Each structure stands twice: as structure tokens, then as C-alpha cells.
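K.L.:
Next up is a structure, given as C-alpha cells.
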Amino acid sequence: MENQDLIEAARCGLAWVEFEREKRKRNETFHRLLETMCGDVIASEGHDYSFTIKQLINDIAALESGSSAKKVFGIFDQKLEMHIESIREFAVDNDYEFIPAIDMDKTGKANVAVFDARTTPKKGIISATQVPAGAIRYTFDEKHRLWRLFGFISGMPLRPVPLLIIALVILLFGLAYMALIAIFLMTVLMQPNVVNLLGLVASLFVGYLLFRRIRAYDRFTTTRIALAHDALASFSAPQAVVVMKLNGDAAPTLEVISASAQCPVCEGEVRLRKPNFSCSHEVIGACRNNPTEHCFTFDHTTRLGWPITETTRRHLEKIQYSGCGVIK
Ligand SMILES: [Zn+2]
């Protein structure tokens, strides 16, 4: 990459850190390390672009107490990838042609982060100035923020053979379950007492719960979107959805996306949730301040949402008529 591109990417990184701090109140170790890197790239006019942790934290005392910084630095490329959607959106909104990219070199004694520039991938993001009037735009956020145990779900390809094996296992379980019910039924008929009867009722109930689970998965194959179970994501992460993405001839993949937006009515935070009224939407965005009135659709392909409730629509019309222009 040209020096000029590196500088442009560093400028974008620096401005993004600033934006995160001001607008979204985020200031993690990752942000501080990225800030220092970008600052150094700009100051050296693109000549310094590989960094060790020692270069980033000059003060040795700070380094010794900064074991968390060391940890973050060790996986700096992954951390950047976690924030890539937010950086991408920021670059599209502010016309940055390049965004930061990091390559970790772990061959030497100390880890080295090599700063690089990457052409801003603009696909799928409408810039803030071009969002249609009346619509809201969702910001995709740290999509891999799942518990480590479930991290494999994001990006998992759904290949036919493993799916067949899973279907077979479910079938076998189903048959085994039927056999179990038959045995329970026989015992109840032969020795009708309370314990045997309770056993039968309990196993029928468990079967009903499992059946509901399987139906939910079946539904997912049709709707291709479902709220991620709360147990999957870390507590602080915004509600995530699991989306089945079709990839032409290749196997479809599962994507975990968390998204949030700003409510145009009250400036509250719009988060994803199940609709609390009957409608054809599987997932909607609802404002945390007024989740029953400020509701929006959620389209993960365009990242846009349109008002659902009458209240929201009226409010937005009012805002437009009073000459506030485009709603962001
Ligand atoms: Zn609201």
C-alpha cells in the first residue's frame, strides 16, 4: 500500500475512535491501542507501520500493570474484525476511501502488529445522508460478541452431510422416545399406580418441549432469521439475531448479527426483539424508551427499518412537515 493510503486509513481509525468515545461512550483498551497506532502512522507520514506492544505503551510501569493490554494486543487483528462493521459504516458516512487493517506477525519473539490500509468495503451500507426519509438505519455491531463456547455458530457453513447426520440423530432419538413412551404406557396399564402414571406424564411433557424446539428450528429454515437466545451472547451485547445467509451454489452459512439504531421519535436506543403484537415480522426493532409505540421493521439485507406503529408514523410525518428534512 502507498504511504498516502496508510495515512488515510490511520485518519479514519483515529476519527472512528473519537466518534466511539463521544457518541457511543466506548473507550476500551482496544480503542486506546488503535488510537496510538494511527497517531504514530500519521506522525511518521506512513513510514512507521509495524508495532510491538512496547512501542505502543512507552511507560514500562504501565506495561507491567497492563497485562490486559497485552492480552488485547495479542489478538488485535481479531478485535479489529469484531469492530469492522462499525468502522465500515463510519468510513461510508464520512467518505474515507481506506480503513485500517491489521496483520499480526507472531513469528518473532514479540508479537508485531502490522498496520495496513484496506479499501473501504461499501457493500450493503447506505450512507447516513442517503437513508430514505422516514426510515431508520441500523448499525451492525460487534457481530461475534458471543460467548466463546458458541463462537463457532457465526459463519458456520450448513453443509448437507452434517445436516443429514443431525437429521438422522434426531430421527433415532424420536424412535427411542416412542419406544420409551410405549414402555411407560405398558407399565401404567399393567401396574396402574401414581408413580408409573407420573412417569408417563413427565415423559410426555419432555417430549412436548422437545417437539416445540424442533418446530422452532423448522420455522427458522423458512424465515431464515431468529433472535439469538440470550444465553448465547454476553450480557452487555445488544440483542443478536441468527440469520441464514444463502451463498448461491455454496453451502448457506449462519451469521450472528447484533444491530441497534437511534429512535427518531425520542432518540432512545432501538434494539431487536420479538414483536409484542401479531404480525408477519419475526424480528422487529423496538425503542427501549417506549417498546410498544416506537416500533420499526428490521431488514438485515438493507440495514433499514420502517415505522410499524401508527404513533411512530404520525411522529415522523410531523417531523418531516416541520421541515427537519431527512431523518437520520
Ligand atoms: Zn423512542
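In short: position in the sequence shown from 1, add 7, done, that's the numbering used here. Backbone N, C-alpha and C fix where the C-beta goes; we use that ideal spot for every residue, glycine too. Keep in mind the model is a prediction, meaning the values are calculated, not measured.
(1) For the region 260–280 and the region 107–123, state whether three or more C-beta atom pairs, one from each stretch, are separated by less than 8 Å.
(2) Look up K78 in the DSSP assignment and say whether it is helix, strand or coil.
(3) If contacts are defined as beta-carbon pairs under 8 Å, then H38 and V24 qualify, I think. What distance do you get, rounded to the angstrom?
(4) Nearer than 7 Å: is that true of the beta carbon of H301 relative to any heavy atom of ligand 1?
(5) Any heavy atom of ligand 1 closer than 7 Å to the Cβ of N296?
(6) What are the boundary residues of the alpha helix (DSSP H) that Q246 is part of?
(7) CB-CB under 6 Å to E262, same chain, minus the five flanking residues each way: which ones, in chain order?
(8) Look at the Cβ atom of A140, then the Cβ atom of A16, and state whether they are nearer than 8 Å.
(9) Output needed for R18: all residues of its chain with C-beta closer than 6 Å, excluding positions within five of it in sequence on either side, in chain order.
(10) Distance, Cα to Cα, G53 vs E300?
(11) Ligand 1 and C273: does any heavy atom of the ligand fall closer than 7 Å to the residue's C-beta?
(12) Reducing DSSP to helix, strand and coil, say where C19 ends up.
(13) Determine the extent of the alpha helix (DSSP H) in which L204 is found, giving its start and end residues.
(14) Would you say P128 and R95 are within 8 Å of each other, going by their C-beta atoms?
(15) Would you mind sorting C294 into buried or exposed? The rule is 16 or more other CB atoms within 10 Å of its CB.
(16) With a cut-off of 8 Å, do at least 3 Cβ pairs link the region 277–291 to the region 228–236?
(17) From what residue to what residue does the alpha helix (DSSP H) around I172 run?
(18) Mind checking which residues open and close the beta strand (DSSP E) that includes E262?
(19) Considering only the alpha carbon of each residue, which of T319, I64, R33, K30 lies closest to M44?
(20) Measuring alpha carbon to alpha carbon, tell me which of A50, N200, A22 ends up nearest N10.
(21) Within the present structure, is the beta-carbon of C19 separated from the nearest heavy atom of ligand 1 by less than 7 Å?
(22) Can you give me the C-alpha to C-alpha distance between I264 and V248, rounded to a whole angstrom?
(23) Taking the alpha carbon of D100 as the reference point, which residue from K116, E88, T136 has its own alpha carbon closest?
(24) S134: which of E324, L311, H90 sits nearest, CA to CA?
(25) Roughly how many angstroms separate the alpha carbons of M193 and F284, rounded to a whole number?
(26) Between the Cα of L13 and the Cα atoms of L175, E104, E35, which residue gives the shortest distance?
(27) Note the first and the last residue of the continuous alpha helix (DSSP H) segment covering F305.
(28) Would you identify the three-state DSSP class for K325, choosing helix, strand or coil?
(29) Which one or two residues does DSSP pair with C294 in a beta bridge?
(30) For R278, count neighbouring Cβ atoms within 10 angstroms of its own Cβ and tell me buried if that reaches 16, exposed if not.
(31) Quick check on the burial criterion: 16 or more other C-beta atoms within 10 angstroms. Buried or exposed for G330?
(32) Quick check on V333: does DSSP put it in helix, strand or coil?
(33) Kindly indicate which three-state DSSP category K113 falls into: helix, strand or coil?
(34) Taking 7 Å as the cut-off, does the CB of C270 come closer than this to any heavy atom belonging to ligand 1?
(35) Pick helix, strand or coil for V119, following the three-state DSSP scheme.
P.N.:
Result, derived from the coordinates:
(1) Verdict: no, contact absent.
(2) For the purposes of this step, residue 78 is taken as residue 71 along the sequence shown, with counting starting at 1. For K78, the secondary structure class from DSSP, reduced to helix, strand or coil, is helix.
(3) To locate residue 38, count along the sequence shown from 1; it is residue 31. To locate residue 24, count along the sequence shown from 1; it is residue 17. Contact flag correct, Cβ pair sits at about 5 Å.
(4) As a first step, residue 301 is located in the sequence shown; it is residue number 294 there, counting from the start. It does: the Cβ of H301 is within 7 Å (strictly closer) of some heavy atom of ligand 1.
(5) Translated into the one-based positions of the sequence shown, residue 296 becomes position 289. In terms of side-chain proximity, the C-beta atom of N296 is found nearer than 7 Å to a non-hydrogen atom of ligand 1.
(6) Translated into the one-based positions of the sequence shown, residue 246 becomes position 239. For Q246, there is no enclosing alpha helix (DSSP H), as DSSP gives it neither H nor E.
(7) For this step, residue 262 is matched to residue 255 along the sequence shown. So the list reads V250, K252, once near-sequence residues are dropped.
(8) Your numbering for residue 140 matches position 133 in the sequence shown. Your numbering for residue 16 matches position 9 in the sequence shown. Going by beta carbons, A140 and A16 fall outside the 8 Å limit.
(9) Taking the sequence shown and counting its residues from 1, one reaches residue 18 at position 11. Excluding sequence neighbours, R18 sits near nothing in its chain.
(10) The residue given as residue 53 occupies position 46 in the sequence shown. The residue given as residue 300 occupies position 293 in the sequence shown. Cα to Cα, G53 sits roughly 50 Å from E300.
(11) Stepping through the sequence shown from its first residue, residue 273 is reached at position 266. Yes, the beta carbon of C273 sits closer than 7 Å to at least one heavy atom of ligand 1.
(12) Mapped onto the sequence shown, residue 19 falls at position 12. C19 carries a helical assignment under DSSP once its states are collapsed to helix, strand and coil.
(13) Position 197 of the sequence shown, counting from 1, holds the residue named residue 204. It spans 201–230 - the alpha helix (DSSP H) in which L204 sits, taken as one unbroken run.
(14) The residue you call residue 128 lines up with position 121 of the sequence shown. The residue you call residue 95 lines up with position 88 of the sequence shown. Less than 8 Å separates the beta-carbon of P128 from that of R95.
(15) To locate residue 294, count along the sequence shown from 1; it is residue 287. Buried: at least 16 other Cβ atoms inside 10 Å.
(16) The answer is yes - the region 228–236 touches the region 277–291, with three or more Cβ pairs under 8 Å.
(17) What you label residue 172 is simply residue 165 of the sequence shown in a count that begins at 1. Unbroken alpha helix (DSSP H) run through I172: 167–197.
(18) Here residue 262 refers to the residue found at position 255 of the sequence shown. Where E262 is concerned, the enclosing beta strand (DSSP E) stretches over 257–269.
(19) Translated into the one-based positions of the sequence shown, residue 44 becomes position 37. Among T319, I64, R33, K30, the Cα nearest to that of M44 is on I64.
(20) Position 3 of the sequence shown, counting from 1, holds the residue named residue 10. Checked all of A50, N200, A22; the closest Cα to N10 is A50.
(21) The sequence position of residue 19 within the sequence shown is 12, counting from 1. False, no ligand heavy atom lies under 7 Å from that Cβ.
(22) Locating residue 264 in the sequence shown gives position 257, counting from the first residue. Locating residue 248 in the sequence shown gives position 241, counting from the first residue. Across the structure, I264 and V248 are spaced so that their CA atoms are roughly 5 Å apart.
(23) Sequence index remark: in the sequence shown, residue 100 carries index 93 (1-based). Ranking K116, E88, T136 by Cα distance to D100 puts T136 first.
(24) On the sequence shown, position 127 is the one that residue 134 refers to. Of E324, L311, H90, the smallest CA-CA separation from S134 is found for L311.
(25) Stepping through the sequence shown from its first residue, residue 193 is reached at position 186. Stepping through the sequence shown from its first residue, residue 284 is reached at position 277. The C-alpha of M193 lies about 44 Å from the C-alpha of F284.
(26) In the sequence shown, the residue the question calls residue 13 occupies position 6. Among L175, E104, E35, the Cα nearest to that of L13 is on E104.
(27) Taking the first residue of the sequence shown as position 1, residue 305 is located at position 298. Segment: none, F305 is in no alpha helix (DSSP H) and carries neither H nor E.
(28) Along the sequence shown, read from residue 1 onward, the residue named residue 325 stands at position 318. Looking at K325 - three-state DSSP - the assignment turns out to be helix.
(29) Counting from 1 along the sequence shown, the entry for residue 294 is found at position 287. According to DSSP, which records beta bridges pairwise, C294 is partnered with V277.
(30) Here residue 278 corresponds to residue number 271 of the sequence shown, with the count starting at 1. R278 should be labelled buried.
(31) Here residue 330 is taken as the residue at index 323 of the sequence shown, counted from 1. Residue confidence for G330 is low, a pLDDT of 46 falling below 50, so the modelled location carries little weight; the figure read from the coordinates is stated next. When all chains shown are included, G330 counts as exposed.
(32) The sequence position of residue 333 within the sequence shown is 326, counting from 1. With a pLDDT of 46 at V333, under the threshold of 50, the predicted position of this residue should be treated as unreliable, though the coordinate-derived value follows. Annotated three-state conformation of V333 is coil, per DSSP.
(33) Along the sequence shown, read from residue 1 onward, the residue named residue 113 stands at position 106. Assigned with DSSP and collapsed to three states, K113 falls in coil, not helix or strand.
(34) For the purposes of this step, residue 270 is taken as residue 263 along the sequence shown, with counting starting at 1. At least one heavy atom of ligand 1 lies less than 7 Å from the C-beta of C270.
(35) As a first step, residue 119 must be located in the sequence shown, where it is residue number 112. V119: strand per DSSP, three-state reduction.
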